[in-house]
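Undergrad: My questions all concern the structure below.
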Amino acid sequence: MDRKSFLKKTAAAVLLAAPATALISCSSSDNSGNTNNNNNNNNADCIANGAEASVITGNHGHSLVVPSADVNAGVEKDYSIDGTANHGHMVTITAANFTSLSANQQIVVTSSNSAGHMHSVTVTCA
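All residue numbers for the sequence shown refer to my numbering, where the first residue is 270 and numbers rise by one.
Below, the structure is given as structure tokens:
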């Protein structure tokens with residue numbers, strides 16, 4: 270990469286990062302999960318108990334519960350994570366994600382873009 274390309278790409282990255290940083294720092298949202306974090310729960314069982322969001326980054330009222338029937342079916346499905354937020358997002362859990370959940374492994378999915386932002390959602394067994 271030549272110097273001119275490097276400088277253009279660096280300037281573009283800085284211009285994109287500055288508004289994102291401002292939005293994040295001004296946000297009153299909470300990065301903590303909206304449910305219990307089950308990463309350390311050795312008794313968690315997605316097949317028997319389903320799954321839930323243990324962490325939703327930048328959370329401000331969103332929630333996710335995945336019923337055990339959906340884990341057992343293993344078929345790709347879209348879920349609303351609206352919760353108590355005043356706007357909605359969707360997440361898709363794929364068949365491959367359900368295979369991981371069936372093995373009691375956590376997954377991470379990204380929500381749809383709504384109200385100018387997205388969320389990373391960590392899903393763990395209940």
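Note that the Cβ used here is the ideal one computed from N, Cα and C, for glycine as well.
None of these values were measured; they are calculated from a predicted model.
Shortest alpha-carbon distance to I316 belongs to which of T326, V324 and A338?
TA: It is A338 whose Cα lies nearest to the Cα of I316.
Undergrad: What's the call for N312, buried or exposed, on a 16-neighbour Cβ count within 10 Å?
TA: It counts as exposed.
Undergrad: Measure from the alpha carbon of T363 to the alpha carbon of each residue in N355, A354, H356 and T379, then state which is nearest.
TA: Nearest option by C-alpha distance: T379.
Undergrad: Do H388 and H358 have their C-beta atoms closer together than 8 Å?
TA: Contact: yes.
Undergrad: Alpha carbon to alpha carbon, how far is G319 from V334? Give it in angstroms, no decimals.
TA: Taking the straight line joining both Cα atoms gives about 8 Å.
Undergrad: Hey, could you find the ends of the alpha helix (DSSP H) I325 is sitting in?
TA: Run containing I325: none in the alpha helix (DSSP H); it sits in the beta strand (DSSP E), A320 to I325.
Undergrad: Am I right that V360 and V390 are in contact with their C-beta atoms under 8 Å? What's the rounded C-beta distance?
TA: Right, the Cβ-Cβ distance comes to about 5 Å (below 8 Å), so this counts as a contact.
Undergrad: Contact defined as beta carbons within less than 8 Å: I believe G352 pairs with H331. What is the distance between those atoms, to the nearest angstrom?
TA: That belief holds up - the Cβ atoms of G352 and H331 are roughly 4 Å apart, short of 8 Å.
Undergrad: Is the shortest distance between the beta-carbon of H388 and the beta-carbons of chain B less than 8 Å?
TA: You won't find chain B in this structure, because it holds only one protein chain.
Undergrad: Exposed or buried, A322, counting other C-beta atoms within 10 Å across all chains shown (16 or more means buried)?
TA: With 16 or more other Cβ atoms within 10 Å, it is buried.
Undergrad: Check for me: the beta strand (DSSP E) holding V340 runs from which residue to which?
TA: First-last for V340: S337 to A342, but that is the alpha helix (DSSP H), not the beta strand (DSSP E).
Undergrad: Measuring CA to CA, which of A342, H356 and R272 is closest to N382?
TA: Nearest of A342, H356 and R272 to N382, Cα basis: H356.
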